[in-house]
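Report on the following structure.
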Amino acid sequence: MTAKRATAARRRRTAGFPARRTRDAAERAPEILTRLLAAYPDARCALEHRDAFELLCATILSAQCTDARVNLVTPVLFERYPTPGALARAAPAEVEEIIKSTGFFRNKTKSLIGMAQALVADYGGKVPGTMEELLGLPGVGRKTANVVLGNAFGRNEGITVDTHVARLSRLLGLTRHSDPLKIEQDLMPLFPRNHWTLLSHLLIFHGRQICIARRPRCERCVLSDLCPSSRV
Numbered sequence: 095m096t097a098k099r100a101t102a103a104r105r106r107r108t109a110g111f112p113a114r115r116t117r118d119a120a121e122r123a124p125e126i127l128t129r130l131l132a133a134y135p136d137a138r139c140a141l142e143h144r145d146a147f148e149l150l151c152a153t154i155l156s157a158q159c160t161d162a163r164v165n166l167v168t169p170v171l172f173e174r175y176p177t178p179g180a181l182a183r184a185a186p187a188e189v190e191e192i193i194k195s196t197g198f199f200r201n202k203t204k205s206l207i208g209m210a211q212a213l214v215a216d217y218g219g220k221v222p223g224t225m226e227e228l229l230g231l232p233g234v235g236r237k238t239a240n241v242v243l244g245n246a247f248g249r250n251e252g253i254t255v256d257t258h259v260a261r262l263s264r265l266l267g268l269t270r271h272s273d274p275l276k277i278e279q280d281l282m283p284l285f286p287r288n289h290w291t292l293l294s295h296l297l298i299f300h301g302r303q304i305c306i307a308r309r310p311r312c313e314r315c316v317l318s319d320l321c322p323s324s325r326v
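Quick note on the working numbering: the sequence shown kicks off at 95 and runs consecutively.
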């Protein structure tokens, strides 16, 4: 790499622009997965839940909110409304008061109650197990559906792309997109399908512990030599 190109690359990283998708992404992906599996053997969904219904509610609440905050709110929510039927009959004001600290609480309340009403009306109070059915529920997009299918049903229909997954995928040169759907489409061919759900957890763990947005610990990163954005 010439000095001019190296300087340009440094400027892109410093300015926060996504790393370009490198030609050898497919070659590096297996080693990236292997190292992350070794580094985070306990990687899992951070949203606390006991069944698909609780995970669906928690994932809706997690939009623009931390998992830790959601985990503080859901015990109260599930004690008050333990089933889709109970939530479907809930007074919006009462739900809003419980989930207020998660942000966007009015829209989330509308989604939660609407989702529960749809479960009762269309699925006998059970969470459906297909992408098409989940996407038909109020407040459920592809990200939420991927979380529920992967973690509650063990079905790898796609890769959940949250802020950590999006950021790390660009830094690692696995995508140059910022749109979650396009990032997912870039990642899916690079990794084995049976690891799609786990891959999200691995990247999230790595993003929270090592590849921190404002202070990345590149000197401690197991992927440093595989990352075109590494400062080491």
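Beta carbons are placed, not taken as given, at the ideal position from N, Cα and C, and that holds for glycine.
Note that the structure is predicted; figures quoted are calculated from it, not measured.
With respect to the alpha helix (DSSP H) encompassing residue 294, which residues constitute its N-terminal and C-terminal limits? 290-303
Would residue 317 be called buried (16 or more neighbouring beta carbons within 10 Å of its own) or exposed? buried
Can you give the Cα-Cα distance for residue 143 and residue 149, rounded to whole angstroms? Computed Cα separation, rounded: 5 angstroms.
Just the C-alpha distance for residue 131 and residue 165, rounded to the nearest angstrom, thanks. 25 angstroms
Residue environment, residue 250, which counts as buried when at least 16 other CB atoms sit within 10 Å: buried
Pick helix, strand or coil for residue 143, following the three-state DSSP scheme. coil
Through-space distance from residue 240 to residue 254, alpha-carbon basis: 6 angstroms
Looking at residue 174: is its Cβ nearer than 9 angstroms to the Cβ of residue 184? yes
Check whether the segment 257-273 and the segment 294-302 are in contact - that is, three or more C-beta pairs closer than 8 angstroms. Short answer: they touch.
Pull up the CB-CB distance for residue 119 and residue 268, whole angstroms please, since I reckon it's below 8 angstroms. 5 angstroms
Give the straight-line distance between the Cα atoms of residue 155 and residue 206, rounded to the nearest whole angstrom. 9 angstroms
Apart from the five residues just before and just after residue 139, which ones in its own chain have a Cβ nearer than 6 angstroms to its Cβ? 245
If you draw a straight line from the C-alpha of residue 217 to the C-alpha of residue 146, how long is it? 13 angstroms
For residue 236 versus residue 278, is the C-beta spacing smaller than 9 angstroms? yes
Taking the alpha-carbon of residue 210 as reference, which of 319, 228, 198 has the nearest alpha-carbon? 228
Alpha carbon to alpha carbon, how far is residue 230 from residue 151? 15 angstroms
Using a Cβ-Cβ cutoff of less than 6 angstroms, which residues in the same chain neighbour residue 203 once the five nearest sequence positions on both sides are dropped? 186, 189, 190
Whole angstroms are fine: how far does the CA of residue 168 sit from the CA of residue 195? 11 angstroms
Length of the line joining the Cα atoms of residue 180 and residue 262: 39 angstroms
Which word fits residue 170, buried or exposed, when buried means at least 16 other C-beta atoms lie within 10 angstroms of its C-beta? exposed
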